[in-house]
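Encoded as structure tokens, the structure appears first; notes follow it.
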Ligand SMILES: [Fe+2]
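In this note's numbering, the protein residues as written are 42 to 352.
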């Protein structure tokens, strides 16, 4: 069956996308969309087993799905099964799995690019320059929990099979997601974060069924509770200049803290963010010119930033 067999009468794979919603909410707040992929053959278990075997080992992550919302990533329990066995027995093996960068397979790449081409018609108006497109497929047993975490990409999660509830938190709520959390994450820290019960009151709950999609802003914390059936979801993700800049700013802020400077939080001051991005560009240019590490060029850059911060 071709991709075309799953499109709407107007030829689209996605639905319910509109410019006013993107303008108001893209990469700021979650919003719902629809899609036509619920019966797509690329999401059948036999095809997913084939995909899992073809991906590099590093691109397949799986573990027990019986986890608390707040899970220390260093002690996540394994499920004791092989990859293909996990998918084959997903109905009863209490597991959670993600297949990463599924675009390494040409068929999934075609599907991902077709979906994101539709998103780009709207996202470019708000945040131009779609790049680093990547697809992830989540396969999980009934009742599985995805612990509380953040992700680095602009994401639209398309629910293919089964039902799940996403509990989403504002990306800019610094009571529950601190600058330190973000700096640690964007400099290589694990995605999982500690969760406290009182966070419940700050969450927005989204129930997703086959045909439903949900936008996840970059680094908007969330955790996920599966329903009573096997769940399969397709996550279509990308970066833009804005999201790449944000990553650079958090990384630079961590470095500034290391140098004893207390930086302004990302997004709090547009001119400071612009000055810092100028500094990042300068450091990268110097690094290219003299072939040294970022740290080696940092003192000159730091002086520029310190001067800008005082003015
Ligand atoms: Fe996530």
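The beta-carbon is built from N, C-alpha and C at its ideal position, and this holds for glycine as well.
- In this structure, the C-beta of residue 192 approaches ligand 1 to less than 7 Å from one of its heavy atoms.
- Each residue's CA atom was taken as its position, placing residue 129 and residue 163 some 38 Å apart.
- Closer than 7 Å to some heavy atom of ligand 1: that describes the Cβ of residue 263.
- Secondary structure remark: continuous alpha helix (DSSP H) runs of at least 4 residues inside the region 71–96, in chain order: 86–95.
- Check the Cα spacing between residue 212 and each of 194, 203, 202: the tightest is with 194.
- Secondary structure at residue 243: helix, using DSSP grouped into helix, strand and coil.
- Buried is the label assigned to residue 288, since at least 16 other Cβ atoms lie within 10 Å of its Cβ.
- Residue 79 and residue 153 have their alpha carbons spaced roughly 14 Å apart.
- Taking residue 308 as reference, the option from 324, 295, 301, 290 with the minimal CA-CA separation is 290.
- In its chain, beyond the 5 residues on either side, 141, 142 have a beta carbon closer than 6 Å to the beta carbon of residue 100.
- Cβ contact annotation for residue 224 (same chain, cutoff 6 Å, sequence separation greater than five): 291, 294, 295, in chain order.
- For residue 319, no beta strand (DSSP E) encloses it; the enclosing alpha helix (DSSP H) starts and ends at 311–331.
- Here the alpha carbons of residue 254 and residue 133 stand approximately 26 Å from one another.
- Contact between the region 196–208 and the region 266–275 is present: 3 or more CB-CB pairs across the two stretches fall below 8 Å.
- In the DSSP assignment, residue 198 forms a beta bridge with 255, 276.
- If you draw a straight line from the Cα of residue 234 to the Cα of residue 109, it comes to about 12 Å.
- The criterion of a C-beta distance shorter than 8 Å is satisfied by residue 68 and residue 259.
- By the CB criterion at 8 Å, residue 125 and residue 93 fall inside the cutoff.
- For residue 173, the enclosing beta strand (DSSP E) covers residues 172–181.
- Taking all protein chains in view, the Cβ of residue 136 is crowded by 16 or more other Cβ atoms within 10 Å, so the residue is classified as buried.
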